[in-house]
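Enquirer: Below is a structure I'd like to ask you about.
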Amino acid sequence: MSSDLPLRCACGRVTGRALASARVFRIVCHCRGCQAYARWLGRLELLDDAGGTDIVQLTPSQLRLETGVDQLDCVRLTDAGALRWHARCCRTPIANSLAQAWAPWLGMPRLFVDARQVGADALGPVRFRIHARHARAAVPGGHPTGPLSLILGTLGRSLRDAALGRARPHPLFLDGRPRVPARALTEAERAAIGLGASTQLVVRRAPARGCG
Ligand SMILES: [Zn+2]
Ligand SMILES: [Zn+2]
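In numbering that gives the first Met the number 0, the protein residues as written are 0 to 211.
In structure tokens:
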């Protein structure tokens with residue numbers, strides 16, 4: 000990727016840029032949490048034919064929001080799940096983050112990249128296809144959960160990014176707190192998107208495996 004990525008929600012109120020001065024890392028996640036989130040948003044175009052979400056991993060300092068910050072909203076699929084940030088105006092997903100402002104990691108769904116200006120090939124290759132056991136179709140090269148190399152690689156990059164201060168500035172936190180309180184979905188909301196009690200453990204563990 001050689002230039003900054005223009006970012007835009009579907010209606011255009013939230014815009015920004017992903018700075019390409021450092022690397023991005025692209026994965027596709029088929030976990031139940033990501034699939035349920037697309038249903039909750041009502042944005043099924045977020046998912047590919049196998050139910051995968053195309054996610055660009057980057058550091059908070061690479062994500063710059065330029066307009067529409069007042070449209071930020073945030074939910075968690077479970078009480079301990081990742082923070083899933085989206086645009087209130089049109090329910091476009093913006094990024095998944097951990098709950099701590101110091102965590103130098105974001106997972107930005109490709110849907111937030113302005114596809115009118117940037118094609119998928121500008122994001123580099125998909126490095127991993129994870130949680131393929133939950134996919135709705137065969138995923139060539141997919142890993143049933145998350146490969147150890149991805150977990151260790153993410154951990155290693157996060158340690159380096161933390162040491163280099165790449166968690167700041169954080170576009171989604173202010174004074175160490177989320178810009179918008181993160182609301183956990185209710186039991187009824189979870190049930191409506193297919194997240195029964197038996198899937199909660201999977202969702203809760205998802206961030207540590209790389210999808211957020
Ligand atoms: Zn919008
Ligand atoms: Zn996922």
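A virtual CB, placed ideally from N, CA and C, is assigned to each residue, including glycine.
Under 7 Å from any heavy atom of ligand 1, does the C-beta of arginine 75 make it?
Expert: no
Enquirer: Looking at the structure shown, is isoleucine 150 part of a helix, part of a strand, or coil, going by DSSP?
Expert: helix
Enquirer: Any idea if threonine 153 is buried or exposed, counting beta-carbon neighbours within 10 angstroms, 16 or more meaning buried?
Expert: buried
Enquirer: Under the three-state reduction of DSSP, which class applies to alanine 9: helix, strand or coil?
Expert: coil
Enquirer: Just to confirm the assignment, what range does the alpha helix (DSSP H) spanning arginine 38 have?
Expert: 31-40
Enquirer: Please report the residue range of the alpha helix (DSSP H) in which glutamate 44 lies.
Expert: First-last for glutamate 44: undefined, no H or E at that position.
Enquirer: Could you please give me the residues that DSSP links to glycine 106 through a beta bridge?
Expert: Gln56, Asn95
Enquirer: Measuring straight from C-alpha to C-alpha, what distance separates leucine 200 and alanine 100?
Expert: Since pLDDT at leucine 200 reaches only 48, below the 50 mark, its modelled position is unreliable, and no value is offered.
Enquirer: In terms of residues, what are the limits of the alpha helix (DSSP H) holding alanine 166?
Expert: Taken as a continuous stretch (DSSP letters only), alanine 166 belongs to no alpha helix (DSSP H), as it is neither H nor E.
Enquirer: Decide if threonine 66 is buried, meaning its Cβ has at least 16 other Cβ atoms within 10 Å, or exposed.
Expert: By the neighbour-count criterion, in which 16 or more other beta carbons inside 10 Å mark a residue as buried, threonine 66 falls on the exposed side.
Enquirer: Taking 8 Å as the cut-off, does the stretch 140-152 touch the stretch 87-95 (at least 3 CB pairs, one atom from each stretch)?
Expert: Result no; under three Cβ-Cβ pairs closer than 8 Å.
Enquirer: Which value, in whole angstroms, describes the spacing of the CA atoms of tyrosine 36 and aspartate 78?
Expert: 15 Å
Enquirer: Report, in whole angstroms, the separation of the C-beta atoms of threonine 52 and cysteine 33, which I expect to be a contact under 8 Å.
Expert: 4 Å
Enquirer: If you measure between the beta carbons of leucine 40 and proline 103, is that distance less than 8 Å?
Expert: Taking a C-beta distance under 8 Å as the contact criterion, leucine 40 and proline 103 do not qualify as a contact pair.
Enquirer: In the DSSP assignment, what residue or residues form a beta bridge with proline 177?
Expert: Phe172
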